[in-house]
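In this note's numbering, the protein residues as written are 62 to 140. Structure record follows, encoded as C-alpha cells.
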C-alpha cells in the first residue's frame, strides 16, 4: 500500500511516501497505525495522528489492504 506522509510524520520517516506491504488480512486502519508506531517509534511521541483511507477520514475500524492509499495526518499547530 502507499502511505502518504505530511509534516512531522514526513520528517520522522524521512520521506513523503512509504510503500508498505502487509501480509495480514482483516487489518484495520488502527492496527496499521500501531504497526507503523512499532516500526517507527518516534511516531508514538506524537499527541495524535489522524488517518485517511483512499481520501476519506478513517475512524480506525476500516479494513485496509495493499490496494489502499493511506495518509498519516499529524496534529495541526497554530493559533
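Ideal Cβ placement from N, Cα and C applies to all residues, glycine included. Note that the structure is predicted; figures quoted are calculated from it, not measured.
Three-state class that DSSP yields for residue i in the structure shown
| i | result |
| --- | --- |
| residue 123 | coil |
| residue 95 | helix |
| residue 104 | helix |
| residue 73 | helix |
Beta-carbon proximity list for residue i, same chain, < 8 Å, skipping 5 on both sides
| i | result |
| --- | --- |
| residue 122 | 89, 90 and 91 |
Nonlocal neighbours in the same chain, by C-beta distance under 6 Å from residue i, ignoring five residues either side
| i | result |
| --- | --- |
| residue 70 | 133 and 135 |
| residue 93 | 125 |
From the options, residue whose alpha carbon lies closest to that of residue i
| i | options | result |
| --- | --- | --- |
| residue 102 | 65, 74, 67 and 137 | 74 |
| residue 124 | 98, 99, 97 and 87 | 87 |
| residue 108 | 137, 118, 116 and 85 | 137 |
Beta carbon proximity, residue i to chain C, threshold 8 Å
| i | result |
| --- | --- |
| residue 119 | Among the chains of the structure shown, chain C does not appear; only one protein chain is present. |
Close Cβ partners of residue i (< 7 Å) along its chain, the five nearest in sequence each way excluded
| i | result |
| --- | --- |
| residue 79 | 64 and 66 |
Cβ-Cβ distance between residue i and residue j below 8 Å
| i | j | result |
| --- | --- | --- |
| residue 62 | residue 110 | no |
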